[in-house]
Each structure stands twice: as structure tokens, then as C-alpha cells.
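A short worksheet on the structure shown next.
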Amino acid sequence: IRTLQIMAMVHVVTTHVAEIRWTTGSSMLPTLAASGDQVLHVRWPLYNFTQRIKRTNTYGLELGDLVVATSPMNPSKTVCKRVVGLPGDTILVDPRKDAPSITVPRGHVFLCGDNLNNSTDSRHYGPVPIGLIRGKVVARV
Numbered sequence: 001i002r003t004l005q006i007m008a009m010v011h012v013v014t015t016h017v018a019e020i021r022w023t024t025g026s027s028m029l030p031t032l033a034a035s036g037d038q039v040l041h042v043r044w045p046l047y048n049f050t051q052r053i054k055r056t057n058t059y060g061l062e063l064g065d066l067v068v069a070t071s072p073m074n075p076s077k078t079v080c081k082r083v084v085g086l087p088g089d090t091i092l093v094d095p096r097k098d099a100p101s102i103t104v105p106r107g108h109v110f111l112c113g114d115n116l117n118n119s120t121d122s123r124h125y126g127p128v129p130i131g132l133i134r135g136k137v138v139a140r141v
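Quick note: the UniProt record's numbering has the sequence shown finishing at residue 141, numbered continuously throughout.
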């Protein structure tokens, strides 16, 4: 019975509170290794609730935060990216090209990898709905 209690507690914590995930891919170099780093992320509903209590911005996110999100291109995968645009921000997608700027709509964020030359992110799939954010990275473990 003790083992069952521990398994239930681990399930509740990883489903509703926090989760440790391994990094894969080079989109967050040099901040995170292409493989082998582990990050702890606080689940979005809990983090969002605590930020609302503190009366921070509407979604509890700030520019520069690292988040884990469901991939807009493949819902069976998750991505770890940096928040570079909040609702209402205007983003110049690629200053080297004659690309138009994008205003991040309400209920969305603009996410980019730190390794811009090797990252599929909001520059490719556009602003990400807040509902796809799974959690905020709070530590590398």
C-alpha cells in the first residue's frame, strides 16, 4: 500500500504541480544543452494562479521567461522556448529580410529559441496561444 501511495503522490505532483524534463535539440543553445540537461517546470495552471495572487501581469509571464509548451506544429511533442513577445507587443520577425512585423494578439505569446539559426519557433508558426503553455521553467537540475 505504501508503494501505491507514493506512486499516487508522484502522479499528482507531475500532473498538477511540477515536472522535470530532459532537453533535446539545439534550439536553446547555449542556455540549455542539446541533450542531457534537465529542467524543472512549474505546471502552468499552478504558476498562473500564484502570479494572479501576486497581481503580476495578466498571464504571469515576463519577457525572457523560459516556458515549456505543446508544439503548435505537432501536439504530441513539447518545446522549450523563451518568451520574446507578450500580448500587444510588436515583433519584427526577421530584421534581415523585408518581413512584416507582427503584433502579438491577446491570449498569445511569441516564443523563440536562443539559437535563432537552428530553432523552429514563433517566427515559423506564429504567436502561440496561452493554452498551449504547459509550464514555466524555474530551474536547471
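Every residue, glycine too, gets a C-beta built ideally from N, C-alpha and C.
Which residue comes first and which comes last in the beta strand (DSSP E) that contains residue i?
{"i": "S35", "result": "S35 to R43"}
{"i": "V83", "result": "T78 to G85"}
Which value, in whole angstroms, describes the spacing of the CA atoms of residue i and residue j?
{"i": "V84", "j": "T3", "result": "43 angstroms"}
{"i": "D114", "j": "P105", "result": "22 angstroms"}
{"i": "H41", "j": "V137", "result": "4 angstroms"}
{"i": "D37", "j": "P127", "result": "26 angstroms"}
{"i": "H71", "j": "P30", "result": "Before going on, a small fix: residue 71 reads as Ser here, not His. Approximately 21 angstroms, taken between the alpha carbons."}
{"i": "N118", "j": "L32", "result": "13 angstroms"}
{"i": "D94", "j": "R123", "result": "8 angstroms"}
{"i": "A69", "j": "K97", "result": "28 angstroms"}
{"i": "R43", "j": "L132", "result": "12 angstroms"}
Residue i lies in the alpha helix (DSSP H); which residues open and close that run?
{"i": "R123", "result": "S122 to Y125"}
Among the options, which one has its Cα closest to the Cα of residue i?
{"i": "T90", "options": "L132, V79 and H108", "result": "H108"}
{"i": "L63", "options": "L111, G126, P129 and D121", "result": "L111"}
{"i": "T103", "options": "L86, K97 and N118", "result": "L86"}
{"i": "I130", "options": "L116, K77, V67 and A139", "result": "V67"}
{"i": "residue 148", "options": "S26, I1 and R134", "result": "In the structure as shown, the chain begins at 1 and stops at 141. Residue 148 is therefore absent and cannot be evaluated."}
{"i": "P75", "options": "R82, G88 and Y125", "result": "Y125"}
In this structure, does DSSP put residue i in helix, strand or coil?
{"i": "G135", "result": "strand"}
{"i": "I102", "result": "strand"}
{"i": "L92", "result": "strand"}
{"i": "T31", "result": "coil"}
{"i": "I130", "result": "helix"}
{"i": "L66", "result": "strand"}
{"i": "L61", "result": "coil"}
{"i": "L116", "result": "helix"}
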